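Student: Here you go, one structure.
In full-length UniProt numbering, the protein residues as written are 1 to 368.
Structure, rendered in structure tokens:
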């Protein structure tokens, strides 16, 4: 089996924009669908997503893969991954390499006629999901979405708050009072706090029995994360913004800078990268809780990894649902028991609507 062609499709769906805190602007989102074709007719698919109106994912694919991917055996994933990460190590580059790596795993599992999590070794057939909010401007919106999420079956709820410590303290108190003691709560201020603000919020989270405290300060602040980890009882989840590859996670682990490791597989090495960091975490007796907020194929890649990992607990589902489903014929759903079931179809298990993608494409590139 040989790779014969790679295609990229850049689209900017209407309404795809996000804001991760009171002080951040609204940012439009661009999607790049990647399609890897072979001489036996099996294809691998993946999606990269990034802020703004960038086309760099396609350009990064062209930079490396015009000469280094066509004609290769797609099952040589590790060799290709090593070459990719040695060649391209900036943020846009890791988005491209992560998407291509995911497409190669999708392709391999399809060739084996297995769902990807089974191809990875299998471990569980379902995962509990938590509802993950976007940013809102008022507490009432978070309370309303909590009610909607719990009514759908979710038993865990994660806030992307205002990003201002005093306002976020008011928010977490209001949400805990509103949902009661039995719903697990998490918070992700997306690295917006300074150390003192993070500690002040953390003391309140301890009082309110939050399940984890994600990205309180910059992930590069090893000393600050280590202090928060040591002094707060709420588990610190760190590492999500480290998108240069797998190596920064070793620093977090050996410095006890976090109780839980967070990763974004679509930005730090794809499924191959996730597996490497997952093994590191297991060796340090740590959980790996991957970011899976994103388009369907991004979510699916993380879901398959989590289903195959013994040290991963929760699947992250964006709420309200349907925000990021563009270009798909089927999507991931959470059942009334608050769990997401393992896909049953080969590969990632979710089918791209290539006609819809093609009709919305602004830039289409082909390498063969």
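Ideal placement from N, C-alpha and C gives every residue a C-beta, glycine not left out.
What you are looking at is a predicted structure, and each value in this text was computed from that prediction instead of being measured.
Please name the residue in 106, 99, 96, 50 whose C-alpha comes closest to that of residue 75.
Tutor: Position 75 of the chain shown, counting from 1, holds the residue named residue 75. The residue with the shortest Cα to Cα distance from residue 75 is 106.
Student: Since residue 262 and residue 223 are thought to touch, with beta carbons under 8 Å apart, how far apart are those beta carbons, to the nearest angstrom?
Tutor: Within the chain shown, numbered from 1, the residue matching residue 262 stands at position 262. Within the chain shown, numbered from 1, the residue matching residue 223 stands at position 223. Actually they do not touch by this definition, with Cβ atoms about 19 Å apart.
Student: Quick one: measure Cβ to Cβ for residue 316 and residue 130, integer angstroms, because I've assumed they're closer than 8 Å.
Tutor: Indexing the chain shown from 1 puts residue 316 at position 316. Indexing the chain shown from 1 puts residue 130 at position 130. About 6 Å; that satisfies the 8 Å criterion.
Student: Would you mind giving the Cβ-Cβ distance between residue 257 and residue 226, rounded to the nearest angstrom? I have them listed as a contact below 8 Å.
Tutor: The residue you call residue 257 lines up with position 257 of the chain shown. The residue you call residue 226 lines up with position 226 of the chain shown. Between residue 257 and residue 226, the beta carbon gap of about 5 Å places them in contact (Cβ cut-off 8 Å).
Student: Between the C-alpha atoms of residue 187 and residue 210, what's the straight-line distance to the nearest angstrom?
Tutor: The sequence position of residue 187 within the chain shown is 187, counting from 1. The sequence position of residue 210 within the chain shown is 210, counting from 1. Spanning the two alpha carbons is a distance of roughly 8 Å.
Student: With burial defined as no fewer than 16 other Cβ atoms inside 10 Å of the residue's Cβ, what is the status of residue 127: buried or exposed?
Tutor: Start at 1 with the first residue of the chain shown, and residue 127 comes out as number 127. The residue in question, residue 127, is buried, as its Cβ has 16 or more Cβ neighbours within 10 Å.
Student: Grouping DSSP H, G and I as helix and E and B as strand, with all else coil, what is residue 141?
Tutor: On the chain shown, residue 141 is found 141 positions in, with the first residue counted as 1. Residue 141 falls in the helix class under three-state DSSP.
Student: Beta-carbon separation of residue 291 and residue 220 under 8 Å?
Tutor: For the purposes of this step, residue 291 is identified with residue 291 of the chain shown, where counting begins at 1. For the purposes of this step, residue 220 is identified with residue 220 of the chain shown, where counting begins at 1. No.
Student: Sorted by chain position, which residues of the same chain lie with C-beta nearer than 7 Å to residue 233's C-beta, five sequence neighbours on each side aside?
Tutor: Translated into the one-based positions of the chain shown, residue 233 becomes position 233. So the qualifying residues of the chain are 206.
Student: Quick check on DSSP: helix, strand or coil for residue 336?
Tutor: Numbered from its first residue, the chain shown carries residue 336 at position 336. Residue 336 sits in coil when the DSSP states are folded into three classes, being neither helix nor strand.
Student: To the nearest angstrom, report how far apart residue 73 and residue 153 are at their CA atoms.
Tutor: In the chain shown, residue 73 corresponds to position 73, counting from 1. In the chain shown, residue 153 corresponds to position 153, counting from 1. Rounded to the nearest angstrom, the two C-alpha atoms are 43 Å apart.
Student: For residue 193, name the three-state secondary structure that DSSP assigns.
Tutor: One-based indexing of the chain shown puts residue 193 at position 193. The three-state reading of DSSP puts residue 193 in coil, since its state is none of H, G, I, E or B.
Student: Within this structure, are the beta carbons of residue 288 and residue 312 separated by less than 8 Å?
Tutor: Against the chain shown, residue 288 aligns to sequence position 288. Against the chain shown, residue 312 aligns to sequence position 312. In this structure, residue 312 lies closer than 8 Å to residue 288 by Cβ.
Student: Is the segment 34 to 51 close to the segment 112 to 123, with three or more CB pairs under 8 Å?
Tutor: The segment 34 to 51 makes no contact with the segment 112 to 123; the number of CB pairs closer than 8 Å stays below 3.
Student: Taking the beta strand (DSSP E) that residue 157 falls in, what are its first and last residues?
Tutor: Here residue 157 refers to the residue found at position 157 when the chain shown is read from its first residue. 156 to 159 is the extent of the beta strand (DSSP E) around residue 157.
Student: Return the chain-ordered list of same chain residues with a C-beta closer than 6 Å to the C-beta of residue 343, the five sequence neighbours on each side being excluded.
Tutor: By 1-based counting over the chain shown, the position of residue 343 is 343. The residues are 115, 349.
Student: Taking C-beta to C-beta, are residue 97 and residue 269 nearer than 8 Å?
Tutor: Along the chain shown, read from residue 1 onward, the residue named residue 97 stands at position 97. Along the chain shown, read from residue 1 onward, the residue named residue 269 stands at position 269. Going by beta carbons, residue 97 and residue 269 fall inside the 8 Å limit.
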